[in-house]
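Q: Quick one: the structure is below, questions incoming.
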Amino acid sequence: MTPARFRLPLTGYVIVLTGICWREALRFLNQRGRFLSALVRPLVWLFIFAAGFRSVLGVSIIPPYETYVLYEVYVTPGLVAMIQLFNGLQSSLSMVHDREVGAMRILLVSPYPRWYLLVCKLIAGIGVSLLQVYAFLAVAWFWEVELPPVGYVTVIPALLLSGLMLGAMGLLMSSVFRQMENFASVMNFVIFPMFFASSALYPLWRVQESSLALWWICTFNPFTYAVELIRFALYGQFAPFAALVVAGCAALFLAASILAYDPSAGVMARRGGPETAK
Amino acid sequence: MTEPTSSTRHASGPADGMPALDIRAVSHAFGTRKALDDVSLTVPAGSFTALLGPNGAGKTTLFSLVTRLYDNRSGAIHVLGADVRRRPAEALSRLGVVFQARTLDLELSVLDNLLYHATLHGIGFGAGRRRAMELLAQDGLAERARDKVRNLSGGQMRRVEIVRALMHRPRLLLLDEPTVGLDIASRAAVVALVRALVADEGIGVLWATHIIEEIGPGDRVVVLHRGQIRASGSYEEMRARAGGEDLSTAFLQLVSDTGEAAA
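From first to last, the protein sequence lines are chains A and B. Position 10 (the first sequence) corresponds to 10 in full-length UniProt numbering; numbering is contiguous. Position 22 (the second sequence) corresponds to 22 in full-length UniProt numbering; numbering is contiguous.
Right, dumping it as structure tokens:
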């Protein structure tokens, strides 16, 4: 007799997503230091770096701005993207930690598809980054960074897309690095270069004036497009090319990380799983 | 939220006589290092099967393959008739696992850890909470439900991990050296808890260990050494191999590198 076809209930998928988001929220609330550092980091840039460079770095009128803007206003989208960049790093760091202590196994032995579990982890991470971004924007508002009210709403899709790209990038990195110690080097070799070689701190035309090579690097840096997507969205505008690049990179990073965590083709199977096999 | 029945339905038992776990001719290597070599073993439903082997024998690798942390590239693994590679959702929904390394989130409460696991199996918060409290009460841990895991003793953490593995009502329970690092009393409590599950609920148990004292009369024993099955049979049969001596003697003979591998 042929056994009845087994199927996981659809409601189960919703419950899994809810559970993973709920755990991420609990962990986030338990780690107040994480929230504070996520908030303080961009604020230091805004209060000190941007204030210091206000008179040095002039920014001409470039879209989406319709008038001269303060340097603080210019760097705000870059700092928002920076929050998401660090949050993506933090999420993947916690996955490396989970893998080291074995907690990752509990996630991976769920009967639900592994790609779905990873996407749920990403969504949970994006949710946390949204909280951090709005907390930052709220503080920035008192620092004369007043955006058009509609921008606080129209930026949400941009944040979701850029959060997906940066989270998927972190997920991919977490599959490559086996130990937290290795992961620390990511800060120096990936995170900081990505941030500095982008349009987060200065417009690309100024970069081009000073170094063509650096301009090319910035142009090929996906983080640049995340920044521009957020910048335009904060002013109620859509940047289609930036959206396309960010969506493409998000799909690429996500596919690569799903492959990396795949039980048959992934790097874990070759290396000995989430923990070294004994 | 979903009632436990939605999950327990697919975790329910197999046809009569079907083994809880059936591993056939499984080999696995990491690069050039062979971790398992043509391993075959069966865990009958409602039995306590001890997977006995020294450190590095391949027990954890075998557990990783059964739980599909990575795929077996040769042979076949069936959990209550469901092929782990071809029907992973069905297989994984029917098994519970306690890994050798502690996998509880120390910063969350006992109940939150259990609820998280429940949601990963598609059990909603309401049903998960009821199931968790029921299991914790049975195990005498109900009053610790709101405590952070960090504040539990090693033995209590292990018992919570076993409770967690039972949240979705599995029919096969895998335990990878669950008593390592526990004192005598805690070890006895964990062993008693699992044996009660076999006796009362008919769960098939695969218990990986290198501590021979945890195995007793009536148990099935599989000896794994250097990735190969050296022997399998009942506790009494294994003792008979050593001429009626204790199991330790039989085990030492079987894992002796000069000894002949026995089927």
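Glycine is no exception: its CB is placed at the ideal position from the N, C-alpha and C atoms.
With a threshold of 9 Å between beta-carbons, can A:S110 be considered close to chain B, or not?
A: For A:S110, the answer is yes, since a Cβ of chain B falls inside 9 Å of its Cβ.
Q: Taking buried to mean at least 16 other C-beta atoms within 10 Å of its own C-beta, is A:G248 buried or exposed?
A: When all chains shown are included, A:G248 counts as exposed.
Q: Counting only Cβ-Cβ distances shorter than 7 Å, please list the residues of the segment 5-20 of chain A near chain B, keeping chain order.
A: Listed by position along the chain: F6, L8, P9, T11, G12, I15, V16, T18 and G19.
Q: Of all Cβ atoms in chain A, is any one closer than 9 Å to the Cβ of B:I123?
A: So, interface residue.
Q: Do you know how far the Cα of A:S162 is from the Cα of A:R41?
A: One C-alpha to the other measures close to 19 Å.
Q: Got a sec: is the Cβ-Cβ distance from B:E90 to anything in chain A below 9 Å?
A: Yes, contact with chain A.
Q: Along the chain, where does the alpha helix (DSSP H) that runs through B:F30 open and close?
A: Where B:F30 is concerned, there is no enclosing alpha helix (DSSP H), although the beta strand (DSSP E) it sits in stretches over L21 to F30.
Q: Output the boundary residues of the alpha helix (DSSP H) element that contains B:I184.
A: That run of the alpha helix (DSSP H) goes I184 to E201.
Q: Taking a Cβ distance cut-off of 9 Å, strictly less, list which residues of the segment 26-58 of chain A are near chain B, in chain order.
A: Under the 9 Å Cβ criterion, the segment 26-58 of chain A contributes L26, R27, N30 and Q31.
Q: Grouping DSSP H, G and I as helix and E and B as strand, with all else coil, what is B:V66?
A: B:V66 falls in the helix class under three-state DSSP.
Q: Mapping DSSP to helix, strand and coil, what is B:G233?
A: The answer is strand: DSSP assigns B:G233 an E or B state.
Q: Taking B:I229 as the reference, which of B:L51, B:T32, B:A45 and B:V43 has the closest Cα?
A: For B:I229, the nearest C-alpha among the options comes from B:L51.
Q: So A:L159 packs on A:Q84, CB below 8 Å; how close in whole Å?
A: 7 Å between Cβ atoms; contact.
Q: Let me check one thing: in DSSP terms, what residues is B:F48 bridge-paired to?
A: B:F48 is bridged to B:V205.
Q: Is there at least one Cβ from chain A nearer than 9 Å to B:M1's Cβ?
A: Residue placement at B:M1 is poorly supported in this model, since its pLDDT is 38, which falls under 50; the coordinates are not used for a value here.
Q: Compute the Euclidean distance between the alpha carbons of B:S232 and B:G53, then round it to the nearest angstrom.
A: Distance between the alpha carbons of B:S232 and B:G53: 12 Å.
Q: Under 9 Å, Cβ to Cβ, is there at least one residue of chain A near B:S74?
A: Not closer than 9 Å to any Cβ of chain A, the Cβ of B:S74 fails to qualify, so no.
Q: Quick check: what's the CA-CA separation for A:M82 versus B:D83?
A: Cα to Cα, A:M82 sits roughly 45 Å from B:D83.
Q: Just the Cα atoms here: how many angstroms apart are B:S12 and A:A226?
A: Summary for B:S12: the model assigns pLDDT 46, below 50, so the residue's position carries little reliability, and this model does not support an answer.
Q: Let me confirm a value: B:N151 is counted as buried when at least 16 other C-beta atoms fall within 10 Å, else exposed. Which label applies?
A: Exposed, because fewer than 16 other Cβ atoms sit within 10 Å of the Cβ of B:N151.
Q: Work out the CA separation of A:Y202 and A:I15 for me, nearest whole Å.
A: A:I15 and A:Y202: Cα-Cα distance of roughly 44 Å.
Q: Run through chain A and tell me which residues come within less than 7 Å of B:V97, C-beta to C-beta.
A: Under the 7 Å cutoff, chain A gives V109.
Q: Which one of A:P148, A:R23 and A:E66 has the shortest CA to CA distance from A:M94?
A: For the sequence presented, residue 94 of chain A should be read as Ser rather than Met. Selected option, being the one with the closest Cα: A:R23.
Q: For A:P77 and A:E228, I'd like the C-alpha separation in whole angstroms.
A: Approximately 8 Å between the Cα atoms of the pair.
Q: In whole angstroms, give me the CA-to-CA distance for A:I156 and B:V160.
A: Approximately 40 Å, taken between the alpha carbons.
Q: Quick one: what's got a C-beta closer than 7 Å to B:A29's C-beta in the same chain, skipping five residues either side?
A: Same-chain partners within the cutoff: A35.
Q: If you draw a straight line from the C-alpha of A:L43 to the C-alpha of A:W143, how long is it?
A: Answer to the nearest angstrom: the Cα atoms are 10 Å apart.
Q: Does the beta carbon of B:S27 sit closer than 9 Å to a beta carbon anywhere in chain A?
A: No, B:S27 does not count as interfacial toward chain A.
Q: Suppose you measure from the CA of A:M173 to the CA of A:L166; what does that come to, to the nearest Å?
A: So the two alpha carbons sit approximately 11 Å from each other.
Q: At the level of alpha carbons, what is the spacing between B:L115 and A:S110?
A: Taking the straight line joining both Cα atoms gives about 13 Å.
Q: Using a Cβ cut-off of 7 Å, pull out every chain A residue sitting near B:L108, in sequence order please.
A: Going along chain A in sequence order, the residues near B:L108 (Cβ under 7 Å) are L26.
Q: Hey, A:I20 and A:A124 are a contact pair by Cβ (cut 8 Å); roughly how many whole angstroms apart?
A: Confirmed, Cβ separation roughly 5 Å.
Q: Is it the case that the Cβ atoms of A:V119 and A:L254 are separated by a distance below 9 Å?
A: The answer is yes: Cβ separation under 9 Å.
Q: Name the chain B residues that come within less than 7 Å of A:R23, Cβ to Cβ?
A: By Cβ distance, chain B contributes Y116.
Q: Taking the alpha carbon of B:Q138 as the reference point, which residue from B:D37, B:L197 and B:L252 has its own alpha carbon closest?
A: Per the Cα distances, B:L197.
Q: Determine, using beta-carbon pairs with one atom in the segment 141-155 of chain B and one in the segment 119-127 of chain B, whether at least three such pairs fall under 8 Å.
A: Result no; under three Cβ-Cβ pairs closer than 8 Å.
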